[in-house]
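The block underneath contains the structure these notes are about, expressed in structure tokens.
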Amino acid sequence: MANPGIQQLLTVEGEELLNRIKGQGKENSAATDKNTVAGTGAAADEKTAAGTGSAADGNTGADAVTDEYNGPTESAGDFIPWDVYPRPQLRRDSYTCLNGMWKFRSLNNDCGILVPFCPESLLSTVEGEIEYGETLRYERQFTLEKKPGTGRIILHFGAVSREACVVVNGIEVCRNNNAYLPFSVDITEAVKSGVNTLCVEVENNLSTKYPYGKQKKDRGGMWYTPCSGIWQTVWMETVPQIYIKSLKIDVDDKAADIVVNLEGNAVMPGEIMTAETYALKQKESSDKTVQKAGEGTVSGDIYLTSDRASKRDRSGKTDENGKARAGALKALWNFLSGSGNAEGKAGGKNRMYAVCEGKEYPVVDGKIHIEPEEKHLWSPEDPYLYNVTIYMGEDTVETYFALRKLEIKEFGGIKRLCLNGKPYFFNALLDQGYFSDGLYTPAVPALYEQDITRMKALGFNTLRKHIKVEPEQFYYDCDRLGMVVFQDMVNNGVYNYVLDTVFPNFGLRGFDRIENGRPSVRKNFREAMIATVKHLYNHPCICYWTVFNEGWGQFDADGAFKVLKKYDTSRFADATSGWFKRKESDVESLHIYFKKLFLGSDRERPQVISEFGGYVYKNNEHSFNKLNTYGYKIYATRSDFVAGLRKLYEEELLPLVKQGLCAAVYTQVSDVEDETNGILTYDRRVSKVEPEQFADIGAKLQAAVAPENGD
């Protein structure tokens, strides 16, 4: 690197991963891929230590493709990184992981790349520089022993940064332009028995029109190295002709209501396609040699998704297409429930039901109501999860939920954030989700668990996931280990250092910072915000959404808040974290650096300090940049740092809790590149604070938030 102060840092797990790759010979390690996608993947065991399980036996890589590329195509030997089930809340037995060594080509590279690590990261094994705005090309092969008869093959991407085009056997199957959210496509019509070629072309131009988070070409300070290309798991599964596409789980402190969304095929309202007719339609479709297919399409006249069944026109009345879809959906439910056809009646009610803790619950019009006899409420101190298995015709999925309720209530004239009916202090840390060797992606999934348990041992119960959406493994680990998540939306639009950072930090916060003037930029943000809420909605750990952070790309904050609350009324929402507040928000949210901590002026809302601290103790041996240091108060020794941290909490924060403070977010979990204000070093090898030095603070904060009379 050009900067002599920059040093490469590896986590312990990342070092082990690279040694494994080197030991197997990166340049000569291509093996024959034994993966199949015809329902042969093994189910992940939900009760393993890391909360996930292993993939199918026999996943061994694939043959190198002989074309214009040089180097390997597949994973080294039988090693597949991140080989854990990637969707913990909708699990099937069918699972094939496509991570590993792919072919990779860019302007400065013609080599192998270790997926799911972005090419800018050490763990990707890519050495050449990435030019932003260029096209990155990924390629690999997979083997399909036999195409399923009436089933479908779905290809999934956890996240690709940013604009991706996916091609299977020369057929473009989908495009996607959000760098932080998953997408999938039905590739049944594009695949064949035998060897198949999967190609992904990606461009990350760092456009501010789209959500980009902390990525910046000229990294430094609080802006970090960009993450391009594939950075989450690529995988496949097989599903029946009619299958569960998604679930929506609403909970309170008494019951859970699960809405099941189906994907299926119907000829006309009231008719169900037989296997013979379906096969004929598929043959007719394949004979047309369609070169492009939209997401999830089979053919236009038989496609149906249940969550589109109630399409309405502008007058609010259901249009004819909506009526047709609704009728076809009803036919699907009738088919699955066993009414109206001999095959269904033979199966009876057992075709469509759910099981939770040994008890059966019916599925009525796609809805499941589960009210456990004994209510075991979820909290960070007792993160109890209810496991559920849902049977829908030929499809079976596993999921889970937690009972918990979030409210704003008044105690002693003070508005409090409450969990399960009682005031709760959310003792939080800012969590940027960056890792020294994998950037957006930790070397192994277990690093999420490690971060969570280390922070809990220090007395923290909440992580503010800062303008990044993680793989679902992170949220599942927070669900099962008991860590609340305050989830940020990922920013887009312009950023102005003077107006958005300098002036507000010195008290100039009274004016409204309005950005994102272009309609297309606003539209992209709203769409990403809604998609983020829908994607993460079922995770009980998420208790709080942040819409805008410090005015970055802020526009019509009141309107954005109302849109978010339309999709989720069950959680707290912070419209403007830091400054530039408007009228609408569940909380008043302040960022306080360089000054003594204080409460805001709006006592009609719960008070939150959503960023503070940022104290620095720099361990040069474990720092990314030896020459530059970024933070808000610097300590020369570790003991002074710990003493200063305790003083901040005991003398400044604790008194405010009694006055009305409901949550506080200290900056931050770990160092990130130039920033050395973390509790952990960037490589996660050193904790600057030990539990015995700090864990008692959390108990004091929780005691301070409780009302004196308990009511």
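Numbering-wise (the working numbering), the sequence shown opens with residue 1 and increments by one. Glycine is no exception: its CB is placed at the ideal position from the N, C-alpha and C atoms.
Beta-carbon proximity of residue i to residue j, cut-off 8 angstroms
{"i": "Gln450", "j": "Val84", "result": "no"}
{"i": "Asn169", "j": "Asn196", "result": "yes"}
{"i": "Glu398", "j": "Arg91", "result": "yes"}
{"i": "Leu403", "j": "Leu377", "result": "yes"}
{"i": "Asn427", "j": "Asn461", "result": "yes"}
{"i": "Thr667", "j": "Glu611", "result": "yes"}
{"i": "Val657", "j": "Val616", "result": "no"}
{"i": "Glu203", "j": "Gly133", "result": "yes"}
{"i": "Thr546", "j": "Met455", "result": "no"}
{"i": "Thr11", "j": "Asp674", "result": "no"}
{"i": "Pro442", "j": "Phe435", "result": "yes"}
{"i": "Pro362", "j": "Gly158", "result": "no"}
{"i": "Glu357", "j": "Pro372", "result": "yes"}
{"i": "Ile187", "j": "Leu144", "result": "no"}
{"i": "Ile548", "j": "Thr576", "result": "For clarity, residue 548 is Phe in the given sequence; the question names Ile instead. Closer than 8 angstroms, so yes."}
{"i": "Ser161", "j": "Cys227", "result": "yes"}
{"i": "Ala457", "j": "His369", "result": "no"}
{"i": "Asp556", "j": "Ala573", "result": "no"}
{"i": "Leu439", "j": "Cys118", "result": "yes"}
{"i": "Glu139", "j": "Lys103", "result": "yes"}
{"i": "Lys465", "j": "Gly433", "result": "yes"}
{"i": "Thr396", "j": "Ala354", "result": "no"}
{"i": "Glu237", "j": "Ser94", "result": "yes"}
{"i": "Val561", "j": "Glu588", "result": "Looking at the sequence itself, residue 561 is Phe, so the reference to Val does not match. Not in contact: Phe561 and Glu588 (Cβ atoms no closer than 8 angstroms)."}
{"i": "Lys596", "j": "Glu652", "result": "yes"}
{"i": "Asp683", "j": "Leu114", "result": "no"}
Residue i, buried or exposed, once every other Cβ within 10 Å from all chains shown has been counted against 16
{"i": "Glu68", "result": "Residue placement at Glu68 cannot be trusted, given a pLDDT of 37 that sits under 50; what the coordinates show is reported in the next sentence. When all chains shown are included, Glu68 counts as exposed."}
{"i": "Gly614", "result": "buried"}
{"i": "Phe594", "result": "exposed"}
{"i": "Gln607", "result": "buried"}
{"i": "Gln659", "result": "exposed"}
{"i": "Ser184", "result": "buried"}
{"i": "Asn620", "result": "exposed"}
{"i": "Arg105", "result": "buried"}
{"i": "Ser670", "result": "buried"}
{"i": "Ala663", "result": "buried"}
{"i": "Asn3", "result": "exposed"}
{"i": "Gly14", "result": "buried"}
{"i": "Pro655", "result": "exposed"}
{"i": "Asp477", "result": "buried"}
{"i": "Lys578", "result": "Residue identity check: residue 578 is Gly in the sequence provided, not Lys. Buried is the call here."}
{"i": "Ala703", "result": "exposed"}
{"i": "Tyr224", "result": "buried"}
{"i": "Leu107", "result": "exposed"}
{"i": "Gly23", "result": "exposed"}
{"i": "Arg87", "result": "buried"}
{"i": "Gly348", "result": "No answer about Gly348 holds up, because its pLDDT of 45 lies below 50 and its placement is not dependable."}
Supposed close pair residue i, residue j - CB separation, criterion 8 angstroms
{"i": "Gly482", "j": "Phe694", "result": "Not confirmed; about 18 angstroms, so no contact."}
{"i": "Gln484", "j": "Tyr475", "result": "First, the amino acid is wrong: residue 484 is Val here, not Gln. Contact flag wrong, Cβ pair sits at about 11 angstroms."}
{"i": "Ile244", "j": "Val260", "result": "6 angstroms"}
{"i": "Tyr180", "j": "Val469", "result": "4 angstroms"}
{"i": "Glu624", "j": "Gln7", "result": "Residue identity differs from the one stated: residue 624 is Phe in this sequence, not Glu. Confirmed, Cβ separation roughly 7 angstroms."}
{"i": "Asp500", "j": "Leu385", "result": "Not really, about 40 angstroms apart at Cβ, beyond 8 angstroms."}
{"i": "Arg526", "j": "Tyr544", "result": "Their Cβ separation, rounded to whole angstroms, is 19 angstroms, which puts Arg526 and Tyr544 out of contact at 8 angstroms."}
{"i": "His622", "j": "Arg685", "result": "6 angstroms"}
{"i": "Gly100", "j": "Ile80", "result": "5 angstroms"}
{"i": "Gly264", "j": "Gln241", "result": "7 angstroms"}
{"i": "Ile530", "j": "Leu536", "result": "Actually they are not in contact, since the Cβ atoms of Ile530 and Leu536 sit about 12 angstroms apart, beyond 8 angstroms."}
{"i": "Leu430", "j": "Val665", "result": "5 angstroms"}
{"i": "Phe401", "j": "Pro540", "result": "7 angstroms"}
Those residues which DSSP pairs with residue i across a bridge
{"i": "Lys103", "result": "Gly112, Glu139"}
{"i": "His156", "result": "Ser184, Trp235"}
{"i": "Thr629", "result": "None, per the DSSP bridge assignment."}
{"i": "Leu493", "result": "According to the sequence as given, residue 493 is Gly; it is not Leu. In the DSSP output, where bridge partners are listed per residue, Gly493 has none listed."}
{"i": "Val616", "result": "Ile634"}
{"i": "Gly213", "result": "None; Gly213 has no bridge partner."}
{"i": "Arg404", "result": "Answer is none; Arg404 lacks a bridge partner."}
{"i": "Ala164", "result": "Asn176, Val202"}
Interface flag, residue i vs chain D, CB-CB below 8 angstroms
{"i": "Lys216", "result": "In summary, chain D is missing from the structure at hand, where a single protein chain is found."}
inquiry  = I'd like to know if the segment 184-199 and the segment 210-217 are in contact, where contact means that at least 3 CB-CB pairs between them fall below 8 angstroms.
reply    = no
key: the segment 243-255 touching the segment 118-132, judged by at least three CB pairs closer than 8 angstroms   = no
query = Would the segment 516-527 and the segment 226-243 be scored as touching if the rule is three or more Cβ pairs under 8 angstroms?
reply = no
message = Closer than 8 angstroms is the cut-off here; do at least three beta carbon pairs connect the segment 403-414 with the segment 644-651?
response = no
query = So does the segment 140-154 actually touch the segment 169-178, counting three or more Cβ pairs closer than 8 angstroms?
reply = no
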